[in-house]
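Here's the structure, in structure tokens; my notes come after.
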Amino acid sequence: MKKHLHKLNALIIITLVAFTCVSCFEIVEEINLNDDGSGSFCFTINMSQSKLNINSMLLLDSVNGRPVPKKENLKAELGKVEAKLKEDGRITNVIVKENWEAYIFSISGNFNNIETLNKAINNISVGLGKLKGGSPQVADNFSYHDGIFTRLYNYNLVKDYNSLTEKDKVVFNNAKYTAIYRFNLPVKSFSNVDALKSKSGKALMLKLNIKDMITNHKTLANTINLK
Amino acid sequence: MKLKLLSLIALLFSVTMSRAQDLINLVPKDAAFAAVLDLNQINTKLKFEELINIRCIEKMSKTMLKDIVKADSVNYLNLNKYGIQVNSKAYFYFKSSDKMYYGALLIALNDEAKFAKLVKLLIGDEQNIATKENYKYAAKKDIKIVWNNKSAAFWSAIISPAQKDSLQVTLRVKFIGDEKNYLTPPPPPPAFGTLDSIKYDANETVVEPVEPVQVETSPIPSETNNDSYVAPDSTNNYNYSPNDYSAYDQMYAAVDSLCDSIKNVWCTSNTGIFLKDKGVNSLASNKEFADYIKNSPDGAFVLDYGMFTKLYMNSIWKSTLGGAMTDPYKFIQDIYGGLTMYAKAEFKKDDIGISFDVKYGSKLNEIYKEVKKKKISTNFLKYMDKDLMGYYAVGIDIAGYSKGIGHFLRELLPSIPQYGDVAVSAMDVIDIFIDEQAIYKLFTGDMVLAVNGVKPIEVVHTSYNYDDNYNRTEKTDTTTQMQPEIQFMMGVGNITDVNKILKLLINLKVLRQEGNLYCVEYNNNPLPVYISIHDGILFIGNNKANIANPVVYPKDKQLDDEHMKLFSKNTFVAYASMNNIAKYFVKEGSDKTQRSFMEVAGMFTNIKIYSGHKGDHGSTNFVMKLTNTEDNSMLDLIKFFNALYIINGNDQDRGI
Numbered sequence: 007m008k009k010h011l012h013k014l015n016a017l018i019i020i021t022l023v024a025f026t027c028v029s030c031f032e033i034v035e036e037i038n039l040n041d042d043g044s045g046s047f048c049f050t051i052n053m054s055q056s057k058l059n060i061n062s063m064l065l066l067d068s069v070n071g072r073p074v075p076k077k078e079n080l081k082a083e084l085g086k087v088e089a090k091l092k093e094d095g096r097i098t099n100v101i102v103k104e105n106w107e108a109y110i111f112s113i114s115g116n117f118n119n120i121e122t123l124n125k126a127i128n129n130i131s132v133g134l135g136k137l138k139g140g141s142p143q144v145a146d147n148f149s150y151h152d153g154i155f156t157r158l159y160n161y162n163l164v165k166d167y168n169s170l171t172e173k174d175k176v177v178f179n180n181a182k183y184t185a186i187y188r189f190n191l192p193v194k195s196f197s198n199v200d201a202l203k204s205k206s207g208k209a210l211m212l213k214l215n216i217k218d219m220i221t222n223h224k225t226l227a228n229t230i231n232l233k
Numbered sequence: 007m008k009l010k011l012l013s014l015i016a017l018l019f020s021v022t023m024s025r026a027q028d029l030i031n032l033v034p035k036d037a038a039f040a041a042v043l044d045l046n047q048i049n050t051k052l053k054f055e056e057l058i059n060i061r062c063i064e065k066m067s068k069t070m071l072k073d074i075v076k077a078d079s080v081n082y083l084n085l086n087k088y089g090i091q092v093n094s095k096a097y098f099y100f101k102s103s104d105k106m107y108y109g110a111l112l113i114a115l116n117d118e119a120k121f122a123k124l125v126k127l128l129i130g131d132e133q134n135i136a137t138k139e140n141y142k143y144a145a146k147k148d149i150k151i152v153w154n155n156k157s158a159a160f161w162s163a164i165i166s167p168a169q170k171d172s173l174q175v176t177l178r179v180k181f182i183g184d185e186k187n188y189l190t191p192p193p194p195p196p197a198f199g200t201l202d203s204i205k206y207d208a209n210e211t212v213v214e215p216v217e218p219v220q221v222e223t224s225p226i227p228s229e230t231n232n233d234s235y236v237a238p239d240s241t242n243n244y245n246y247s248p249n250d251y252s253a254y255d256q257m258y259a260a261v262d263s264l265c266d267s268i269k270n271v272w273c274t275s276n277t278g279i280f281l282k283d284k285g286v287n288s289l290a291s292n293k294e295f296a297d298y299i300k301n302s303p304d305g306a307f308v309l310d311y312g313m314f315t316k317l318y319m320n321s322i323w324k325s326t327l328g329g330a331m332t333d334p335y336k337f338i339q340d341i342y343g344g345l346t347m348y349a350k351a352e353f354k355k356d357d358i359g360i361s362f363d364v365k366y367g368s369k370l371n372e373i374y375k376e377v378k379k380k381k382i383s384t385n386f387l388k389y390m391d392k393d394l395m396g397y398y399a400v401g402i403d404i405a406g407y408s409k410g411i412g413h414f415l416r417e418l419l420p421s422i423p424q425y426g427d428v429a430v431s432a433m434d435v436i437d438i439f440i441d442e443q444a445i446y447k448l449f450t451g452d453m454v455l456a457v458n459g460v461k462p463i464e465v466v467h468t469s470y471n472y473d474d475n476y477n478r479t480e481k482t483d484t485t486t487q488m489q490p491e492i493q494f495m496m497g498v499g500n501i502t503d504v505n506k507i508l509k510l511l512i513n514l515k516v517l518r519q520e521g522n523l524y525c526v527e528y529n530n531n532p533l534p535v536y537i538s539i540h541d542g543i544l545f546i547g548n549n550k551a552n553i554a555n556p557v558v559y560p561k562d563k564q565l566d567d568e569h570m571k572l573f574s575k576n577t578f579v580a581y582a583s584m585n586n587i588a589k590y591f592v593k594e595g596s597d598k599t600q601r602s603f604m605e606v607a608g609m610f611t612n613i614k615i616y617s618g619h620k621g622d623h624g625s626t627n628f629v630m631k632l633t634n635t636e637d638n639s640m641l642d643l644i645k646f647f648n649a650l651y652i653i654n655g656n657d658q659d660r661g662i
């Protein structure tokens with residue numbers, strides 16, 4: 007399991023290291039799951055609170071010795087991810103939103119089953135991995151069987167995190183990860199003690215500090231029983 | 007070895023002197039460059055033999071002077087043992103003619119036995135000392151020494167690029183056969199397998215073309231008319247086929263060898279001039295330089311910039327453009343003609359001052375003659391926080407410079423082939439349609455860019471609200487972040503016309519108006535930029551609140567009166583508060599960076615650069631104000647560099 011590290015969230019995090027000093031950003035993972043396992047997803051990264059820093063950094067060639075990705079390259083890679091998802095055909099209604107003024111980016115779409123969603127995420131991971139010149143390994147992030155929805159999280163990023171310089175580590179100090187899962191049925195039970203159930207009883211929210219996730223003090227893993 | 011010799015010469019330059027005579031009389035008045043170091047003063051601030059106790063000096067000197075350190079591992083920096091006294095001034099000069107470039111380092115040295123030891127140290131063999139007329143001399147490659155019982159000169163000479171070019175042209179005709187081939191690349195190398203058929207012999211290319219040069223029997227140039235020397239025409243001895251692949255190599259080798267021969271003859275004939283009293287033709291009779299150094303700086307130099315430019319451009323122009331565009335080239339030469347630069351450095355107790363003065367030539371004076379502005383508006387100062395990180399301020403005489411540059415262009419452009427006259431006609435047409443006076447009066451020409459320090463700046467960003475089912479909706483939040491506050495201020499001359507321009511920019515969607523504030527909103531604008539006009543000043547900056555209502559600081563929060571004086575007497579002022587900058591950066595970066603900034607903060611209070619223009623002179627001053635002077639600014643500066651040297655891990659190896 008330790009080999010299965012660099013997945014979507016890991017890739018986004020590591021890519022952000024290139025934007026050192028971007029200390030305030032939020033990743034939002036949203037899944038709307040139907041009873042039959044189909045549904046829709048939306049992954050959003052919101053860096054608007056750091057836009058002044060990003061604007062400054064985009065004017066530079068490198069920060070802390072790391073090359074700063076060019077806006078044109080980032081746009082091109084996002085375009086490729088969108089094209090690949092559409093070409094694959096298993097994810098429908100694919101929408102990529104880019105807000106280059108506020109630095110908010112999102113990818114959303116519909117899936118027929120959880121396996122399709124996992125493959126889509128892996129495609130996105132590979133696409134974003136190219137931004138760092140890497141070739142990430144991929145694995146499942148979600149499962150849904152017999153009314154039990156599971157958020158898998160088997161990453162161990164401690165070693166990677168410790169290898170960063172103190173200045174790079176600052177990037178994660180105020181970064182947040184928000185996971186939201188919405189269902190048609192009310193949630194009967196869930197395993198992650200940090201998660202909150204909505205007033206409607208049909209949704210869960212989990213807000214974590216990304217640094218806590220990376221250092222394994224907190225986890226995204228959650229088993230949600232709907233029956 | 008060459009590096010070591012040069013290093014020792016540099017050390018000698020730093021510590022040598024003589025009570026008995028002022029070596030300034032040995033320096034020719036028409037030297038293109040002449041420098042003086044008041045070693046007597048420096049020695050009172052910086053005991054040279056004690057520098058060994060400073061780690062970076064010890065380490066670097068051991069590295070550079072490895073052999074000398076081995077010979078005397080304790081006192082190798084004690085220069086008295088080399089016959090060198092440290093009580094007066096040392097000089098260095100560079101002179102040039104069309105044929106030769108030469109220069110000398112002049113020091114006082116009055117002990118023959120120690121002179122012999124010094125020669126042995128530098129040359130490697132004291133037996134090589136020869137006697138001629140009233141001096142002794144020794145040489146090894148490019149290091150040449152001459153001594154006359156009182157003083158010594160370390161000197162060197164090279165053949166000038168112009169002379170080398172001339173020889174090259176002559177030999178090119180002999181070797182290649184056609185001067186037009188000058189810019190043609192050499193023939194391609196032979197195909198693989200045909201090398202045996204090519205007459206190519208590296209040894210032959212060096213030796214054969216040079217042997218016929220009869221340098222020893224050539225006419226020897228006189229000391230007073232050394233430019234009259236004519237190289238012996240040995241080029242008729244070369245008989246190579248233009249098609250021979252080695253022809254180029256042979257030609258270049260021949261040029262180099264011939265240059266060496268000519269140089270050797272010149273050097274042999276002119277050794278004596280370096281210790282000859284120049285009398286009325288010495289630097290001592292340069293009144294302007296004497297006035298410039300009357301306050302006894304620690305070091306100073308004078309540079310005939312025009313001569314340097316002429317020599318440099320003459321060579322480059324010919325070799326790169328083959329003499330094309332002669333007229334504009336001459337014009338540019340004229341621009342620098344008569345331009346002389348003076349510089350001096352003074353290490354006082356609490357500050358270090360370096361100043362540069364430029365005396366313009368007649369052509370350059372034409373640009374400046376209508377420039378009347380002598381100061382920067384002091385109205386900006388009330389908007390500048392005394393705790394700012396730094397600023398630069400400029401006062402430009404827009405009309406004066408425009409007219410001067412206009413004269414300049416109208417004179418220069420016609421000399422440019424083809425397009426020059428067209429450009430002048432275009433300028434004439436523009437003159438007809440443009441109201442130049444209106445443009446000149448648009449702004450006053452005064453401007454300041456200030457970094458007011460790291461201040462709270464509002465950042466509007468997007469965050470999220472969630473309903474009862476955790477459905478997400480966007481909302482706008484405002485947070486305060488610490489950012490460097492940048493503020494640009496420009497004096498407005500005609501506010502009505504400036505407002506017209508702002509309205510035009512609004513119509514072009516470059517600006518957006520919010521009350522009395524203008525926001526720059528062109529596509530992909532990388533940083534927030536706000537504009538406003540208050541008190542006859544155009545404010546531009548990144549702090550929306552401050553630009554909307556610029557803060558007027560109370561008197562006790564403003565910069566002190568020294569800045570008022572700087573603005574009143576200069577047309578350019580740059581200021582950096584090292585303490586305030588270090589306070590910000592000391593929290594950033596690696597441990598090394600932080601420690602380095604702590605050293606900077608501990609060493610410097612502030613750094614100022616200011617310059618102005620008066621008549622046919624321009625003057626620039628660079629002053630570093632020190633925080634705490636333990637000894638004197640010179641020693642403190644060395645200790646500061648030593649601290650950085652240690653912080654940066656260069657103190658690991660304590661061996662040689």
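First to last, the sequence lines map onto chains A and B. With this note's numbering applied, the first sequence covers 7 to 233. With this note's numbering applied, the second sequence covers 7 to 662. Here a beta-carbon is modelled for each residue, glycine too, at the ideal position from N, C-alpha and C.
Which chain A residues sit within Cβ distance under 9 Å of residue i?
i: aspartate 474 of chain B; result: Ser204, Lys205, Ser206 and Ala209
Count the other CB atoms within 10 Å of the CB of residue i; is the residue buried (16 or more) or exposed (fewer)?
i: valine 28 of chain A; result: The predicted model places valine 28 of chain A with a pLDDT of 47, which falls under 50 and marks its position as unreliable, so this point remains unresolved.
i: aspartate 637 of chain B; result: exposed
i: tyrosine 167 of chain A; result: buried
i: histidine 467 of chain B; result: buried
i: serine 195 of chain A; result: exposed
i: threonine 502 of chain B; result: exposed
i: leucine 441 of chain B; result: Checking the sequence, you will find aspartate at residue 441 of chain B rather than leucine. Aspartate 441 of chain B should be labelled exposed.
i: valine 261 of chain B; result: buried
i: arginine 178 of chain B; result: buried
i: glutamate 677 of chain B; result: Absent from the model: residue 677 of chain B. The displayed extent of chain B is 7 to 662, so no value can be given.
Using a Cβ cut-off of 8 Å, pull out every chain A residue sitting near residue i, in sequence order please.
i: valine 465 of chain B; result: Gln55, Lys57 and Leu58
Kindly list, in the order they appear in chain B, the residues whose Cβ is closer than 9 Å to that of residue i.
i: arginine 188 of chain A; result: Asn475, Tyr476 and Asn477
i: isoleucine 120 of chain A; result: Going along chain B, no residue has its Cβ under 9 Å from isoleucine 120 of chain A, so there is no contact; the nearest lies around 20 Å.
Quick one: list the residues of chain B neighbouring residue i, beta-carbon separation under 7 Å, in chain order.
i: asparagine 52 of chain A; result: Thr468
i: isoleucine 110 of chain A; result: Thr468
Going along chain A, which residues have a C-beta under 7 Å from residue i?
i: threonine 484 of chain B; result: Residues of chain A passing the Cβ test: none, with the nearest at roughly 10 Å.
i: alanine 489 of chain B; result: In the sequence as presented, alanine is not what sits at residue 489 of chain B; that position holds glutamine. Correct list: Leu58.
By the DSSP assignment, the alpha helix (DSSP H) with residue i in it spans what residues?
i: arginine 416 of chain B; result: 404 to 418
i: leucine 84 of chain A; result: 77 to 94
i: histidine 623 of chain B; result: Note, histidine 623 of chain B: premise wrong, no alpha helix (DSSP H); beta strand (DSSP E) at 623 to 632.
i: lysine 645 of chain B; result: 639 to 653
i: phenylalanine 295 of chain B; result: 293 to 298
i: glutamate 442 of chain B; result: 442 to 448
Could you please give the first and the last residue of the uninterrupted beta strand (DSSP E) stretch that includes residue i?
i: glutamate 118 of chain B; result: It is not in any beta strand (DSSP E) - glutamate 118 of chain B instead sits in the alpha helix (DSSP H) that spans 118 to 129.
i: glycine 618 of chain B; result: 610 to 620
i: histidine 223 of chain A; result: Where histidine 223 of chain A is concerned, there is no enclosing beta strand (DSSP E), given that its DSSP letter is neither H nor E.
Residues of chain E with CB under 8 Å from residue i, in chain order?
i: glutamine 493 of chain B; result: Absent from the structure is chain E; the protein chains it does hold are A and B.
Given that residue i touches chain B, what residues does it touch there, using C-beta distances under 8 Å?
i: valine 34 of chain A; result: Tyr470 and Arg478
Check whether the Cβ of residue i lies closer than 8 Å to any heavy atom of the ligand FAD, and answer yes or no.
i: lysine 203 of chain A; result: Looking for the ligand FAD in the displayed structure turns up nothing, as the structure carries no ligands at all.
- Item | beta strand (DSSP E) segments (min. 3 residues) lying fully within the region 476 to 539 of chain B | 478 to 498, 517 to 520 and 523 to 526
- Cβ-based contacts, 9 Å cut-off: residues of the region 153 to 187 of chain A near chain B: Thr171, Glu172, Lys173, Thr184, Ile186 and Tyr187
- Task: At 4 residues or longer, and completely inside the region 38 to 113 of chain B: list those alpha helix (DSSP H) runs for me, N to C.
- Result: Taken in chain order, the unbroken stretches of alpha helix (DSSP H) that lie wholly in the region 38 to 113 of chain B and span 4 residues or more are 45 to 51, 61 to 70 and 72 to 77.
- Between the region 153 to 170 of chain B and chain A, which residues of the former have CB atoms less than 8 Å from a CB of the latter, in chain order? Taking 8 Å as the Cβ-Cβ cut-off, the region 153 to 170 of chain B has no residue approaching chain A.
- Item | Near-chain A residues of the region 339 to 363 of chain B - C-beta to any C-beta below 9 Å | none
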